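Here's the structure, in structure tokens; my notes come after.
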Amino acid sequence: GMFDYGVVPVENTLGGIVGPVNELLINTGLYIVGAVDMPIHHSLMMLPGTDHREIREVYSHSQALSQCRRFLSRNNLTPVPYYDTAGAARMLTEKKPRAAACIAGKLAAELYSLEVLKENVEDSDINRTRFLILSKEKSMADGNRCSITFSTEHKSGTLFNVLEIFASKGINLTRIESIPTEPGQYS
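Note that the working numbering numbers the sequence shown so that position 77 is 96, with each residue one more than the last.
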């Protein structure tokens, strides 16, 4: 009840789906009331005074690390997953691990007084993330997209029967995902 809206990443052109968000959408009563698609750029940052040649580990969210995997591999840097990109920047400032850097947005460097070693370390310049805007209340505004969650019996042809309805109405599906809800059950 503290906030009217929440914003969560749902999929990225390089890193794919954000699994925990899909689980959140199935297991809560929140509504999707909007979506935003935006370019994502990552920077490699370090503590001021660090010798960049000593850096061996790079902390960041697993999605950001996957979006920069070729850069990390090319530079022989070990990816270390962290709960989020800004959190990795904050941890770097507070704990000062040796031979470490982080990947985050440039704003994190300003917030946590880090030095940007290299900008745009993502593996493609078309790196984009789609974010969903969530609310406890339904939106009454007209839209041009929708999301639906459903379950079918676990037997041959049931998913096809549902998808056939969409096809017969000329509805283009941009994404379909099966997510386990219980052992042997999927939404």
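Ideal Cβ positions, reconstructed from N, Cα and C, are used throughout, including at glycine. Keep in mind the model is a prediction, meaning the values are calculated, not measured.
Identify, in the order they occur along the chain, each residue of the same chain with its Cβ nearer than 6 angstroms to the Cβ of Lys137, setting aside the five sequence neighbours on each side.
Leu63, listed in sequence order.
Simplified DSSP assignment, three categories, for Val77:
Val77 falls in the strand class under three-state DSSP.
Cβ-Cβ distance between Ala118 and Glu73 below 8 angstroms:
Closer than 8 angstroms, so yes.
Can you tell me whether Tyr102 is buried or exposed? The criterion is at least 16 other CB atoms within 10 Å of its CB, across all chains shown.
Tyr102 is exposed by the Cβ-count criterion.
Output yes or no for whether 8 angstroms exceeds the beta carbon distance between Ile51 and Leu153.
Contact flag set, yes.
Rounded to whole angstroms, what's the CA-CA distance from Lys125 to His80? Just pull it up for me.
C-alpha separation (whole angstroms): 15 angstroms.
Can you tell me whether DSSP reads Arg147 as helix, strand or coil?
Under the three-state reduction of DSSP, Arg147 is assigned to strand.
Within 10 angstroms of the Cβ of Pro28, are there 16 or more other Cβ atoms? Answer buried if so, exposed if not.
Looking at its Cβ environment, which holds 16 or more other Cβ atoms inside 10 Å, Pro28 is buried.
Is the separation between the beta-carbon of Ala83 and that of Ile122 shorter than 8 angstroms?
Against a cut-off of 8 angstroms, the Cβ pair of Ile122 and Ala83 comes out as a contact.
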